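Accompanying notes for the structure given below.
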Amino acid sequence: KKSLENGYDLLTQSMRSTEVQGRIIAGKGTANLHPVWSPNGKHIAYLSNEENDYFGQTDLFIYDLEANSAENIQSGVVSAPTWNNNGSTLYYAKKAKYPNKQGSKYFDLYEYDLNTEQETRLTKDARAFSPYFIPMDSTLIYLATHDGGQNIYRIDLTSRKTQRLTNFEDRRMLSSLAYDEEKNRILFDVTRNHFRDIAYLSLADSTLGLVFANREWDERDINISAGQLIYADDRSGVFNLYVIDEKTMTGGYITNVMGGAFMPAVNALGQVAYSLYENGSYKIAVLDSIAFVDQKTVGYDPGYWQRNSGLADPIIEQVDLPAKSYEDDFTTMFVSPKIMGDYQTIKLGWYFFSNEILDRLSLFGGASMNTAKDLDLFFIFEFRRLYPTLFAEVFYLTRNIQEKNQYSVYPLDDRLRFRLIQFDSGLRFPLFGLGKLELFTSWQQYRAFIKETVEGIQGLEASLAYDYYKGLISGVRLSVNGVKRLVDSDINPSRGFKLDVDITYEKNRFIEGLDLSDAGTLVEIWANNDLWRMQQSSSLFFAIPTTNRMTISLESIAGTISNVEADSFFHFFAGGLNGLKGYPFYSIEGKSIAIATGTLRVPIFREKHIPLSWFILQNCTLGFIGQIGDAWSQSIEEPNWLRSVGIQWRINGFSFYNFPTAIGLELHQGLDTFQRQINNKSVTYGQEQRFYLTILFGF
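Counting from -9, one number per residue, gives the positions in the sequence shown under the working numbering.
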């Protein structure tokens, strides 16, 4: 490390003493890119991720040089903007808000009227980017990708008709358009072999040619003003801005920076705005005038480019391999052992899963059992080759209970076994790129087995088995996730919302008792518990301004069932981890439910990389939670609002380099007390502390 640092210090010694970079006007975030002057030279439009976390999450900003302030104009803009001739409209590229009918979102061109603050979409599914406005005929030129290749297009802003201007069959990479009004030609970057070059397309006769093309260094981001070409090149080992007079073909460097200078733009006064790379981020800098820098002091060395003289030629031979239609191909079945603690027992088992390579079909299942022979089996199948995803799920669970009782003077050994079977199937539709809509049906059967033995008397035993619940449930489920993707959006969401809505009709048969049939066998007596069930859960997330992402989340849960005579087996339960956390799960029940939760989260640290054995710790938050809610039965009582408060500690990261891991520890206490009669005993709830520990893939 020391040797590398010493070598870098030696290379940059002259640069540090003669650095020329201008003044920085926008430096928040890590990506401040593509500055473009307004026609009057008083504003600069540029892209920035200053309000986001990821490099590609850029928004369109306008910087006012007189007010020395910037304003966020539009979110999600991804390539260089361009002004119309009077500065009232901006054109840019961004992804559509909603996907097309195939579920895809492409880059398209948009215009934004600064007077009306209205955005208009100009293209549809064009895969367009890098627009440039041509004043002479009110058209936009732009780049677009089709069939793996990029070409230059033109769109008439009046008729909205598009025209392809080039047809590059070699699939060359294009970028960074500009327009030379004097010669009526388009200037653009083209990547050939290892570096970018600058080429032109004449709009007069459609001829193509190269403006700058050197095998040993890179030229890019050309801009033209008053007969001067300004672009970035790295012949000295560092990208700097270079100016050439078109008539004399003389020029020189106008910057000497340590990191890199890119994307120059020049106004009528000769001021240059550009994107400066410095200390791991891009900033917008302005040079108030063009002044040449001594070439000997620029970059690592004026002859640094000679190190690239031995680079290999590009591979241009066509590979002649046979083509065939794609066939489904699965990964090898992955089997993972599983160990879990469940109701004071250790359960051993395994998971298995396999996916088709293109994720058109997936299989996932598992099995586990403990020493009491409690068995958990499940299998999930998803078929994604059609527009809706077809899914099927199977669950098989058993639970075994042994009890010691006394009948008169006889000791009894009671062994109970419960078996739960559930089959789910349905269709899952994508929903505007934000969520999914499910149509599903679920069949369920719960069965009990009882074996009673009189201890000490051999052969004296009795047993019976019966179904105690059969259900057929059909419904629709809506899930929407509008949470903005940030580096800590899982552990501490700060923008957006979530919404889940379930509406189901349940054909429920629940046991009321047992009777003897005419044949002398036991038969179940069923009670009709058919009902409609409606429930929703929603969350809204905010970041507190001027804080280091302290957040507030507001959450709600609400639901009701239509059958007020339904057995308590079908009630909502409002306690526990998913309800009022200061109360046990079964302590609060009713035919309707309403819970409101407010959470204040304070980040302890973000984006760290702390290795703890197999776990890499990245984020940590502390939360303070307040809740109010109840579950009640409409025909009997009004809600008795209960309150709960708690604190929450969260950490997340990755285990074994790949598996997301989310750990939460919570302490809650109910503030209100109430009593319930259970088995002729009065039980008091509230005022006790309850702990929750969760270890999952996400929060």
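Glycine included, every Cβ here is placed at the ideal spot set by N, Cα and C.
Keep in mind it's a predicted model, so treat the numbers as computed, not measured.
Bridge pairing for PHE531: GLY486, SER543 [DSSP].
It is roughly 11 Å from the alpha-carbon of SER65 to the alpha-carbon of GLY46. Buried is the label assigned to GLN140, since at least 16 other Cβ atoms lie within 10 Å of its Cβ. If you compare the alpha carbons of LEU198, ARG162, THR197, ALA382 with that of ILE305, the shortest gap goes to ARG162. Excluding five sequence positions before and after GLY260, the CB atoms of its chain that fall closer than 6 Å to its own CB belong to SER279, ILE280, given in chain order. Restricting attention to beta strand (DSSP E) runs no shorter than 3 residues, the region 346 to 379 encloses them at 351 to 359, 365 to 373, ordered along the chain. Per DSSP, the beta bridge partners of GLN108 are ASP103. Counting C-beta pairs closer than 8 Å gives fewer than three between the region 233 to 250 and the region 321 to 341, which falls short of the contact rule.
Per DSSP, GLN261 lies in no alpha helix (DSSP H) and is assigned neither H nor E.
The C-beta of ILE188 has 16 or more other C-beta atoms within 10 Å across all chains shown, which makes the residue buried. Counted as a single uninterrupted DSSP element, the alpha helix (DSSP H) harbouring ASN(-4) occupies residues -8 to 1. Here PHE119 has SER69, ALA83, PHE97, LEU133 as same chain residues with Cβ atoms under 6 Å from its own Cβ, once five neighbours each way along the sequence are excluded.
Bridge pairing for HIS658: GLY636, ARG680 [DSSP].
Short of 6 Å from the beta carbon of SER464, and not among the five residues preceding or following it, lie these beta carbons of its own chain, in chain order: THR431, TYR495.
Contact check for ILE481 against PHE689 passes: the beta carbons are separated by less than 8 Å. Cβ contact annotation for PHE595 (same chain, cutoff 8 Å, sequence separation greater than five): ASN609, CYS610, in chain order. Comparing alpha-carbon positions, the option among ASN390, SER358, LYS426 lying closest to LEU380 turns out to be LYS426. Nearest to GLY446 by alpha-carbon distance, out of PRO401, GLY461, ARG418, GLY423, is PRO401.
Note on geometry: alpha-carbon atoms of LEU353 and ILE685 lie some 24 Å from one another. In this structure, ARG350 sits away from ARG389, with a CB-CB distance that is not shorter than 8 Å. Beta-bridge partners assigned by DSSP to HIS136: GLY139. Out of SER634, VAL247, PRO254, ILE637, the CA that lies nearest to the CA of ASP284 is found in VAL247. For TRP433, the enclosing beta strand (DSSP E) has its first and last residue at 425 to 444. In this structure, the alpha-carbon of TYR377 lies about 8 Å from that of PRO420. The alpha-carbon separation between THR106 and THR79 amounts to approximately 10 Å. Within 10 angstroms of the beta-carbon of GLU451 lie fewer than 16 other beta-carbons, which makes it exposed.
Between ARG150 and LEU177 the beta-carbon gap is near 25 Å, outside 8 Å, which marks them as no contact. Secondary structure at ARG297: helix, using DSSP grouped into helix, strand and coil. If you look at VAL325, you'll find it in the beta strand (DSSP E) that goes 324 to 332. As a beta-bridge residue in DSSP terms, LYS671 pairs with ILE668. As a beta-bridge residue in DSSP terms, HIS33 pairs with ASP54.
Annotation for ASP319: ILE347 place their beta carbon closer than 6 Å to its own, counting only its chain and skipping 5 residues before and after. Take TYR456, set aside five residues on each side of it, and the residues of its chain with a beta-carbon closer than 8 Å to its own are ARG437, ALA438, ILE501, LEU504, LEU512, GLU514, in chain order.
The straight-line gap separating the alpha-carbon atoms of TYR81 and VAL67 is approximately 10 Å. In the three-state scheme derived from DSSP, where H, G and I count as helix and E and B as strand, LYS87 is classed as coil. Per the C-alpha coordinates, the member of ASN538, VAL673, ASP478, PHE563 positioned closest to ALA652 is ASP478.
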